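Okay, so the sequence shown: first residue is 55 according to my numbering, each after it adds one.
Scroll down for the structure; my scribbles are underneath it.
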Amino acid sequence: MIHDIKFHGDWKRPGNRYSELDLKILTNERSQHRLIDKYKNCGTDFKFHFYKGTKNRWGTSLEGFKNPEWVKTHFGLDIQPDDDKISVLVTNNIGSPKYPLTPWIIAHRMSHAIFRDVSFDIYRPSMMGIDNFFGWRVGYEKWLGCAIGTTRSCRKRTLSRTGELYHELFAQCLLTGRVRLNHVEDRVLKRMRGKNPEYIHLRDGKPERLNHLINMMENEVYHVRSKFDCGCGKILVV
Ligand SMILES: [Zn+2]
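In structure tokens:
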């Protein structure tokens, strides 16, 4: 649940690594209601801060959980986080102009931030497994990621790499309460049939290994989600 949304800086013009669409989405009252609505059942309490200004240089975004002193030094902002809430400081949308700052993309960016936070200590062995499932043949891992995942990006095949699947799954878990992945018996194998030679390999002995990786991945995302609330009392810089 989002308890408060604050804007810092000049939000009248695009720039400072926010597109016109970002501004439209964020400052529009209806969109703010939508943002609050999307997070209302997620089980974590938030306060959102949106920073727009010149201090969002490389090395100050997607930094993970920080204390108020760090935020004061790097952004000149006085943010006093509540002990029972995560304060999220959105510093830019440098990711890609293709993906405006929707409620989902904000959750996706939170995932990037916690994955870059060394203190959060995230270990994700299943990702290596998925990446190397077909050996080092470039392209299949992305294809496989899209076949396994159930998010919009997987359906539209816009995932750029397996790592992005993780962030999508975190967003899915945070906003819907569940991670949903396709298992080999159903759609993954069906999609492969007749389309490429890997189907033969997958059919002849590998489905169990892939299913094992899929289950692992699911558990890893749930684990990260369960650790996420340790960030209460801190500022998540995204
Ligand atoms: Zn991403």
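Positions of the beta carbon are idealized from the N, C-alpha and C atoms, including for glycine.
Source: prediction; values computed, not measured.
Distance check for residue j and residue i, CA to CA, integer angstroms please.
i    : j    : result
I289 : M270 : 29 Å
N121 : H266 : 38 Å
R163 : L116 : 7 Å
H277 : R71  : 32 Å
K139 : I90  : 15 Å
D132 : K66  : 22 Å
I160 : E123 : 23 Å
E321 : G69  : For residue 321 there is no data in the structure shown, the boundaries of the chain being 55 and 292.
F188 : W197 : 11 Å
R211 : K60  : 34 Å
L340 : Q226 : Because the chain here runs from 55 to 292, residue 340 falls outside it and cannot be looked at.
A73  : T108 : Before going further, note that residue 73 is Ser rather than Ala in the sequence given. Taking the straight line joining both Cα atoms gives about 15 Å.
M182 : K152 : 27 Å
G130 : D171 : 21 Å
G203 : D58  : 32 Å
R178 : C96  : 23 Å
G231 : K126 : 33 Å
Report yes if the C-beta of residue i is less than 6 Å from at least one heavy atom of ligand 1; otherwise report no.
i    : result
E218 : yes
H62  : no
H277 : no
H221 : yes
Below 8 Å on the Cβ atoms is my contact criterion, and I expect residue i with residue j to pass it. Report the Cβ-Cβ distance as a whole number of Å.
i    : j    : result
A167 : V292 : 4 Å
L219 : G199 : 4 Å
F282 : T81  : Not confirmed; about 27 Å, so no contact.
T114 : H103 : Their Cβ separation, rounded to whole angstroms, is 14 Å, which puts T114 and H103 out of contact at 8 Å.
V238 : L264 : 5 Å
R88  : P157 : 7 Å
S165 : F224 : 4 Å
Less than 7 Å separating the beta-carbons of residue i and residue j?
i    : j    : result
L143 : D76  : no
G287 : F119 : no
K101 : G63  : no
T216 : I268 : no
S207 : E195 : no
M55  : K92  : no
S180 : E274 : yes
E272 : L235 : yes
N146 : N110 : yes
Answer yes or no: does any C-beta atom of chain D fall closer than 7 Å to that of residue i?
i   : result
I90 : Absence of chain D from the displayed structure is noted, only one protein chain being present.
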